[in-house]
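First the structure, in the form of structure tokens, and then the observations on it.
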Amino acid sequence: MKGCCCAVLRVFPGSLYDNPPPATWLPRNAELAGSVKSVRRMETPDLLSAALDESGIGEEDMANNHAQEPLMNLSRFQIPPHLMNYLPPHMIQQMAQHMAQQMAHHMAQQMPYHHGGSSSKFPPGGVKIGERHPDPVVETSSLSSVQPPNVWYNLSIPEEVIDRALLSALQLEAIVYASQQHEVLLPDGSRAGFLIGDGAGVGKGRTIAGIIYENYLLGRKRAIWVSVSNDLKYDSERDLRDIGAGKIEVHSLNKFKYAKISSKVNGSVKKGVIFSTYSSLIGESQSGGKYKTRLKQLLHWCGDDFDGVIVFDECHKAKNLCPVGSSKPTKTGLTVLELQNKLPKARVVYASATGASEPKNMAYMTRLGIWGEGTPFREFSDFISAVEKRGVGAMELVAMDMKLRGMYMARQLSFTGVSFKIEEIPLTKQFISMYNESVKLWVDARAMFQEAAELMEGDSRIKKTMWGQFWASHQRFFKYLCIASKVPYVVSLAREAVKNDKCVVIGLQSTGEARTLEQLEEQGGELSDFVSTAKGVLQTLIEKHFPAPNRKKTLKLLGLGGIVEELSPSPPPSSSTGGHKRKSARQARQGVKRYREASSADESDVDIKSEPESDFEPSVSSSAAEESEASSAVESDAEDDFNPFGDDSDSDDPWASRKNKSKGKNKKLKAKKKKKNEKPMGNGTVPQPVVRSAPTVDSEKKAAGMKQELLDRLEKLGEKLPPNTLDQLIDELGGPENVAEMTGRKGRVVSTDNGTIQYESRSEVDVPLETLNLTEKQRFMDGEKHIAIISEAASSGISLQSDRRAKNQARRVHITLELPWSADRAVQQFGRTHRSNQVNAPEYMFLISDLAGERRFASIVAKRLESLGALTHGDRRAGESRDLSRFNIDNKYGRAALETMMRGLMEMEVPPLVPPPEDYEGDFFADCRKALVGVGLVNEDEFSKMQTLDKDYNNMSKFLNRILGIEVELQNALFKYFTDTLDAIISEAKRTGRYDLGILDLGTAGDNVRRVKVDEFIRNHATGTAKTELHTVGVERGLSFEASQDIWKELTGKEEGYYLSNQVRNGKKTAVLAVADQARRSKEKKDKFFRLYRPNTGLQVRQESLTELKSKYKKVTPDEAQPHWKEQYDSSETTCSHVYWYSSCRKKNMGLACEVGLRRRTYHVLSGSVLAVWAKVESVLSSIHGHSSSSKLQVVRLKTEDNLRIVGTIIPSNCVAPLVNVLSQDAEKTNSETF
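Quick note: the working numbering has the sequence shown finishing at residue 1247, numbered continuously throughout.
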């Protein structure tokens, strides 16, 4: 009997499961084998009334219509009778309470629907066995509108684990579906995989542990768990222990010697879990041997017929596993794919919180069966292009399809109870002055880099690397300045919070350790003050990448090394300084190598040996490489959202390429024959056999002079530049003894008791460096320290919430200094302090400055949090549909706006789409062009001074990064001009009906949606069968005069009420009801805005200002408005607006149907498994409408009168018949029902 009751009992409320599930749904157990058809209704009147009393629902509420939906569900609450005997009474009690809670919740708050992104607050997936999850969990409303397939899998996890609630119902559901999916084979013979898309804090770790435990009990005793950080090994051990599977040992792959894992030298490991980071996975031994790679060790340990579990955890963090397009796949990506290909029968589990929101993150998820043999998409690239050209809602359709097929679960912790505040930090005059000086220095540095590169005759490859380094440093420098401007404010906020008995968590993206180490080395280990990270960035760039001699190394790089060596003998290798330098550099590199596998969150694929110290001076060590390797835990997320190397360094600086290219051509020497043993360069390419002439001594002197001038100017500016943010924060908040630091760096700069500044290692006497973060976390959770500072990469998976099990249960205040541009990534960051089993929800604070449109990014994140249930401080605009899309700028409208703006600035479009900002003094267009030349977005010919746009001028990430290098006032004016252009483009798209609304809600603003008909098509796919449905629905959106009276009675404002139009058309006037929107005012803060209700179309999306309202309408009494209102309401049932207002309609005259302005409209929505039939739908649309194959499919979400939620794509009326015909042709089964 072990575990059977939980394994199979899935109680399905509602009519979706009127047909009993297949017999295989029951456990293969003679004791329970019985007819599934005989079911009796569960009699729970006493239990229910007790539960209702507990929930505070009285008899009056029961009579209220709102309670009907859960009651209807309860009346269909069915359990097979042969299982009733095995249900403990407390479980039945819990079910009744669960239903009562649903009712209470339903009455308290009707489910919100917005444009896109809204969430369903009901427990996902209906009622299940297993204890409720300790915290409220939500699913997006589109995902909750589809049901996963019936459960037939028989779970082996012991009953005791379920009874003691070691795994919640939510986690058990994912374990059952993953195990069920693993029983299916794909058409190519490999085993199907499962994707866990649960957000931070839901308990993915326990779910994964549960899947491993389930397989362990079935004799599959070997498993591989790949994640992003070695610290998470301890979490995986804890998760296994927590679910009663502590006997399963976890071994770190990077602790094994390069030999058989099962050999004596490695402790004869024959079973258990091997835990590896993505970077360890590609580890390789230099000494050779049979098992010289970690992959070979793993493959040998698993064996060819391995059918155990392989988990790819946090796979969205392992960046660019398989880049799409022209970029090459990284070594990590290839290894992850090879591991799956070599073990086709392995049970693969992907775990990624953003798994199905970013299609490019899915490249290595080959086991989902969405593309490949036997699917509509032959290659992953076909799938990507299909999704990307189909508009905003396409990915949601893919996610729904995956859930329908039983291969995907995605739940998220509700943000109910969480509050957030956006704090604007004004920039001081002193800071603005320092920022503007920095801008001038960078603009001059750019010109000098260009001139010196010309003087030194560098080839294109060298210049390409140089400009890549230049722009990456440029971005990092200004990001550090932005963050530094907020430090004093953070310190005061943190002190205040601690005073109020709260705990503070400060989130940083990067630590700047590499700069500190460089400064330390330069000054011989002595420091006089905190190191300025920003200064260090520019100093490193100038010293290591400025094109000036060391003459000999330069000649060698330019292909003249051989000639010079023949002409002048080189000094002996035992030269004391050089030898020592090389040795120390080599040791440093080995240190970095050693640290690589122990690094807390190393995700980089950079090969240290491949990066020269300077693009004009080759060397064995590289700070840049050190930074990407040793400190990748720290720096890797600094440019995470938009990789500067990906965006900025793919070509020479364009300005440079416009310069006089003929220079130096006649100086080229004939290349020598390439030697056989010549090694390829660091980037894997073989150097071109071209030998250049040496630069002249004068050129070298001039270049060296420019380099020195830049360093001198930087030294002068350095006095004003801010110190390292992390060190400054720790120092001002009481030093390391009061602040828990969880980052990837090895040491820090501190001020001692006697006032001196010194560098010290973070490691402590009894705590090794690799477990230091966990020790610091424990000190914070135990209340020994009240402030924690985390770097985003190093803190991956760390839980800092006010856990019920922890001593420190004070409310957390989570302060973010730097917001990511992606709202989903921001929500990921907040997952550190908002997790399951917390005593109280955290407060979030976004600190934003006046730079680079930070306010806009904060609003995107705020909207995302609001849609997940969080509350802002202040008035929440209840009832108003919040359109998240208008805050998003990195989409096709943002890119179009950028292109239009850039062309406008270049005066290629006359007149420009929008006028320049009114409050800007000076020639806005000319100033912008000059500034854009300085940041490389506009090219200027050296001789003619003619300006042209850079080839990558419409790249959004490049634009957002580069405008940081513009003086503050102009930067803000330019960003304002950009957003004005964006607003104008979106308004125009809406006006012409071409705006891609993403997921559009039907039946939300009081509309009634009723089902008219549904056609079902059941078809086979790679992992089973799925249902596609074509719904015909009628939407009633009008507002009767009686219903408008109910709204009018609540109004109190002087300007609110009924209005009649001044304009008379066809002898008729329009009547509207205006309701003031308290939360929205115009920019001048004077003009009010009103929501309008119309008789035929109800609540309008667009609001009107009081000025507009008074210019078009006249306020009247209800009696005056009534005849006009009623006439339009009655007429709009069958008469379109054209006939009503103009007595004629072109469509009607042609004998076609016209629904413009009708209060009752008919829509056809294709839902369910749409992925497999996309191509068919498009072929029908294009044959009838002449749509191109890339035309958008409008995705809609609706809720019918009988509370059925449907998400799907709109099908035009004249395409319905041919589509039904096409879909019926290869369906296994079809069915049609009319309501």
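Heads up, the beta-carbon is just placed ideally off N, CA and C, and yes, glycines get one too. The structure presented is a predicted model; accordingly, all values stated were derived computationally and were not measured.
In the DSSP assignment, glycine 1046 falls within the beta strand (DSSP E) that extends over 1036 to 1048. Around the beta carbon of glycine 747, fewer than 16 other beta carbons lie within 10 angstroms, which makes this residue exposed. In chain order, Glu952 place their CB closer than 8 Å to the CB of methionine 958, counting only its own chain and leaving out the 5 sequence neighbours on each side.
Residues His1136, Glu1139, Gln1140, Tyr1152 and Trp1153 of the same chain have their beta carbon placed closer than 8 Å to that of lysine 1080, with the five preceding and five following residues left out of the count. Non-local beta-carbon contacts of arginine 725 in its own chain, meaning distances under 7 Å to residues more than five positions away in sequence, involve Leu453 in chain order.
If you ignore the 5 residues before and after lysine 1126, its C-beta comes within less than 7 Å of the C-beta of Tyr1071, Leu1072 and Asn1074, all in its own chain and listed in chain order. When the beta-carbon positions are compared, tyrosine 225 and isoleucine 294 stay at least 8 Å from each other.
Unbroken beta strand (DSSP E) runs of no fewer than 3 residues, entirely contained in the stretch 773 to 842, are found at 799 to 803 and 824 to 828, following chain order. Looking at the DSSP output, histidine 846 bridges to nothing. Annotation for isoleucine 187: Leu167, Ile169, Leu179, Thr219, Gly222, Ile223 and Glu226 place their beta carbon closer than 8 Å to its own, counting only its chain and skipping 5 residues before and after. Per DSSP, reduced to three states, the secondary structure at isoleucine 223 is helical.
Under DSSP, arginine 1209 takes part in a beta bridge, and its partners are Asp1013 and Val1219. Of the residues assessed, valine 285 falls on the buried side of the cut-off, its CB having 16 or more other CB atoms within 10 angstroms. Contact annotation: leucine 738 and lysine 498 have beta-carbon atoms that are not nearer than 8 Å. For the pair of segments examined, the stretch 1155 to 1168 was found not to touch the stretch 1098 to 1115: the number of CB pairs separated by less than 8 Å stays below three. When DSSP assignments are scanned along the stretch 144 to 231, the uninterrupted stretches of alpha helix (DSSP H) that are 4 or more residues long and fall wholly within it turn out to be 153 to 156, 171 to 175, 181 to 193 and 216 to 229.
Under the three-pair Cβ rule at 8 Å, the stretch 489 to 508 counts as touching the stretch 545 to 563. Following the DSSP letters along the chain, one finds tryptophan 237 inside the beta strand (DSSP E) bounded by residues 234 to 239. The C-beta distance from histidine 798 to valine 1219 rounds to 45 Å, too long to meet the 8 Å contact threshold. Around the beta carbon of glycine 217, 16 or more other beta carbons lie within 10 angstroms, which makes this residue buried.
Taking every protein chain shown into account, the CB of asparagine 966 has 16 or more other CB atoms within 10 angstroms, so this residue is buried. A distance below 8 Å separates the beta carbons of valine 950 and arginine 941.
Going by DSSP, alanine 457 is part of the alpha helix (DSSP H) stretching over 441 to 467.
Restricting attention to Gln183, Lys1061, His1033 and Leu925, the CA atom closest to the CA of alanine 996 is found in Leu925.
For cysteine 314, the uninterrupted alpha helix (DSSP H) run begins and ends at 306 to 314, by DSSP.
Annotated as proximal: valine 1047 and tyrosine 1175, with beta-carbon spacing under 8 Å.
In the displayed model, arginine 974 falls within a helix according to three-state DSSP.
Counting C-beta pairs closer than 8 Å gives fewer than three between the stretch 963 to 981 and the stretch 462 to 469, which falls short of the contact rule. Rounded to whole angstroms, the gap between the alpha carbons of serine 814 and leucine 1183 is 42 Å. Residue pairing of histidine 263 in beta bridges, as defined by DSSP: Ile286.
Its Cα nearest to that of serine 291, the residue Lys343 stands out among Ala715, Lys343, Lys272 and Glu954.
Distance from the Cα of alanine 943 is smallest, within the candidate group Ser364, Asp931, Pro927 and Met918, for Met918. Between the stretch 312 to 323 and the stretch 347 to 360 there are three or more C-beta pairs closer than 8 Å, enough to call the two in contact. Burial state of glutamate 1116 is buried, judged by a 10 Å Cβ sphere holding 16 or more other Cβ atoms. Relative to the Cα of valine 399, the nearest Cα in the group Lys372, Gly418 and Ala496 belongs to Lys372.
Put simply, the backbone Cα of glutamate 525 is about 11 Å away from that of tyrosine 771.
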